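Chemist:
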Amino acid sequence: MSGQVLELARRSLLQTLRQPALVVPSIVFPLVLVAVTSGGLESATSLPGFPSDSYLDFIIAVPFIQGPLFAMINAGSSLARDVETGFLKRLAMTPMQRAALLIGQLAGVMAVALLSSLVYLAVGFAFGMHMEAGPLGVVALLALAMLIALAFASLGALVGLRSGSGEAVQGFFPLFFVLLFLSSMYLPRPLIEQDWFRTVATYNPVSYLIEGIRSLIVTGWDGEAILLGFGVAAAMAALGVFGAAAALRTRLVRT
Amino acid sequence: MTQLPNGIEVEGLVRGFKGGVRAVDGIDLVVEPGEIYGFLGPNGAGKSTTVLMLTTLLPPTSGTARVAGHDIVRAGAQVRREIGAALQEAALDPLLTGREHMRLQTALQGVPKAERRARGDALLERVGLIDAADRKVGGYSGGMKRRLDLALALVHHPRILFLDEPTTGLDPQSRSEMWQEVAHLAREDGVTVFLTTQYLEEADVLADRIAIIDHGLIVARGTPAELKAEIGRPSLEVKPAEREDRDAVAAVLSRFGTPVTAPPGAAAVRLRGGVDELPEIVRTLDGEALSVVDFRLHAPTLDDVFLAKTGRKLEGGEPAAEPEAVPA
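Protein chains in written order, with my numbering: chain A, 15 to 269; chain B, 460 to 787.
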């Protein structure tokens, strides 16, 4: 089983790395957004009650959510392609275990997500980011980032396997992008003036993912934010993994 | 049911789809070990659905089948161990190279790690892809993809090979290379081959025995020679020396069979009584003082067999889409 997982993870990694158009934006795009906002919104830090005196420290949490959105597309369209081309049937003919396909595919996508996370951290530190929770905080941040990547990648896998269509996966992407913008991405929730926006951001699970990551950078060890971050990510990941496993059982029928 | 160690036995196999379509409507067949069995039929006849059931990827609605002595429903894993399959539309990953495909396949099939590379390269060599081994499959030609597909199916030394329309869409050169490879597998390596095709020539050249399937039912079976002898009677084409004698010649011929299409200036009939009538025909033509420049006997073809069994021509007929293999 572990050998199967390794080979399938390797394939997933090769698939992603051989499509630079998928890797480069997932790393560059979130960083461009950070560069633009940390320049333009620096004055937000002087708002009463803003948790940080550096907008970079505040906004750098966002790429750790935005990157996994690309991981979602990669995992989803890759599995959808396997359905479309019939590659899944080829795999079904071998003694491969279904779980190996899912784990391998997700592992490959998460390896890319880990690479992206390390780039975000490196760029952040290079531009003067402070890590309030210290070196252990970096480890906790990476752990949470990986769990978030797993959550989004498995949700992508679920859509890819259920629909069997790359287009459906692509269509799913804007939905999550909107969720990202309707979160506490740009401002802490208490400082959002519009009532409806604040309400949406409060019910939006993505807010808690961002706040979990952000708390480690800006606040230090904030038990509630960390717990909520890990909790929401774990719940999404559980939904995604079980959903994707069920979808794969339906797709990969064999007697 | 007897148990054929590397044969196939099918009894009353049925597969229905949504909307009540029965893509396979109760077929029986026996494939003997080591033979090439041709499963011939037009698009949508139920060929691929049959292959999917026999390769354990689609549960039958009813009926039973044993592949390599194992029940396809109760012992799917054992069946899969014994078989290799190249399904329709060689399903490959365009982003991976040929060698990477072999690596993944050998690993998933449980080939010991130390032997994977050698096994993969030996098969790539065998199908003539060793020089293209490190190129991405997205850039392969149709023929190369089919050959890689075949190589992938052979990784675990299967005793039975399923080939679903292995040459559809290939140019004549690639087609004949594929035929040689398939023939080699059966004749030299003793692999049993179950081959579906919509090409009469392919079934004729390759298959030891043939079943013709139409609308989910087997309408004829036997060796190519038996089938032709059974239904396809020879046709006779006669060209008179004088063009204006054509109608007279046609009139004579029509006493011996049913007229069929003939080249300009000639007449032709499907002989009712076979070759035994030839002397009588010659005597009759001579008796009516019709002189002849060309006198040709055409052996029956599988197309004639198909026409006789289904009332339609197989090749060049209206293609119908095969129902998508979605469980009902």
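All C-beta atoms in this analysis are idealised placements derived from N, C-alpha and C, irrespective of residue type, glycine included. What you are looking at is a predicted structure, and each value in this text was computed from that prediction instead of being measured.
1) Have a look at A:L150 and A:P188 and give me their C-alpha separation to the nearest angstrom.
2) Would you please verify whether the beta carbon of A:F101 is less than 7 Å from any beta carbon of chain B?
3) Determine the DSSP secondary structure at B:R594, reduced to helix, strand or coil.
4) Report yes if the C-beta distance between B:G528 and B:L472 is below 7 Å; otherwise report no.
5) Under the DSSP definition of a beta bridge, which residues are partnered with B:T523?
6) Verify whether the separation of the beta carbon atoms of B:T515 and B:R539 is less than 7 Å.
7) Does the distance from the CB of B:R729 to the CB of B:R692 come in under 7 Å?
8) Check B:I589 in the structure and name its three-state DSSP category.
9) For the alpha helix (DSSP H) containing A:L189, name the first residue and the last one.
10) According to DSSP, is B:P786 helix, strand or coil?
11) Counting only Cβ pairs nearer than 7 Å, list the residues of chain B close to A:L120.
12) Residues of chain B with CB closer than 8 Å to the CB of A:E21, please, in chain order.
13) Cutting at 7 Å between CB atoms, please list the residues of its own chain near A:V232, excluding the five before and the five after it.
14) Is it buried or exposed, A:Y217, if we count other Cβ atoms within 10 angstroms and call 16 or more buried?
15) Are B:G500 and B:A666 close, meaning C-beta to C-beta below 7 Å?
16) Under 9 Å between beta-carbons, which chain A residues line up against B:P722? List them in chain order, please.
17) Where are the alpha helix (DSSP H) runs, 4 residues long or more, that stay fully inside the stretch 682–722 of chain B, in chain order?
18) Listed in chain order, which residues of the stretch 34–55 of chain A have Cβ atoms closer than 9 Å to some Cβ of chain B?
19) If we count Cβ pairs, one from each stretch, closer than 8 Å, do we get three or more for the stretch 570–579 of chain B versus the stretch 629–649 of chain B?
20) Which residues in chain A sit within 7 Å of B:F532, going by Cβ to Cβ distance?
21) Does the beta-carbon of B:D623 have 16 or more other beta-carbons within 10 angstroms, so that it is buried, or is it exposed?
22) Per DSSP, what are the beta-bridge partners of B:R668 in this structure?
23) If contact means a Cβ-Cβ distance below 9 Å, which residues of the stretch 466–477 of chain B contact chain A?
24) If the cut is a Cβ gap below 8 Å, which residues of chain B does A:R25 touch?
25) When you compare the CB of A:Q29 with every CB in chain B, is at least one pair closer than 7 Å?
26) Just to confirm before moving on: does the CB-CB distance between A:G112 and A:L266 stay below 7 Å?
27) Under 7 Å between C-beta atoms, does B:A544 make it to chain A?
28) Using a cut-off of 8 Å between C-beta atoms, extract the partners of A:Q18 located in chain C.
29) What beta strand (DSSP E) runs, 3 residues minimum, are completely inside the stretch 502–572 of chain B?
30) Can you name the start and end residues of the beta strand (DSSP E) that B:T655 belongs to?
31) Per DSSP, B:D623 is paired with what?
32) What residues from chain A crowd round B:L499, counting only those whose CB sits closer than 8 Å?
33) State yes or no: is the C-beta of B:P631 within less than 7 Å of the C-beta of B:V596?
34) Please list, in chain order, all residues of the same chain as B:E777 whose beta carbon is under 8 Å from its beta carbon, the five residues on each side excluded.
35) Give the DSSP-derived three-state secondary structure of A:F141 in the structure shown.
36) So is B:L582 in contact with chain A if we call contact Cβ pairs under 7 Å?
Modeler: If we stick to the structure as given:
1) 34 Å
2) yes
3) coil
4) no
5) B:E470
6) yes
7) yes
8) helix
9) 180–195
10) Note on B:P786: pLDDT 44, under 50, position unreliable in the model; no value is reported.
11) Within 7 Å Cβ-Cβ: nothing; A:L120 doesn't reach chain B, min ~17 Å.
12) R562, L563, A566, L567
13) P65, S66, D71, F72, E146
14) exposed
15) no
16) Ordered by position in chain A, no residue passes the 9 Å Cβ test against B:P722, which lies about 44 Å from the chain.
17) 683–689, 705–713
18) none
19) no
20) The amino acid at residue 532 of chain B is misidentified as Phe; the sequence shows Val. Under the 7 Å cutoff, chain A gives T269.
21) buried
22) B:Y496
23) none
24) D552, L555, E559, L563
25) yes
26) A small correction: the amino acid at residue 112 of chain A is Arg; Gly does not occupy that position in the sequence shown. A contact, by the Cβ cut-off of 7 Å.
27) yes
28) This model lacks chain C altogether; the protein chains it does include are A and B.
29) 521–526, 542–545
30) 651–656
31) B:T655
32) Those do not exist, as B:L499 stays about 22 Å from chain A at its closest Cβ, beyond 8 Å.
33) no
34) At B:E777, the pLDDT of 43 sits below 50, so the modelled position is not reliable; the number obtained from the coordinates is stated separately. None.
35) coil
36) no
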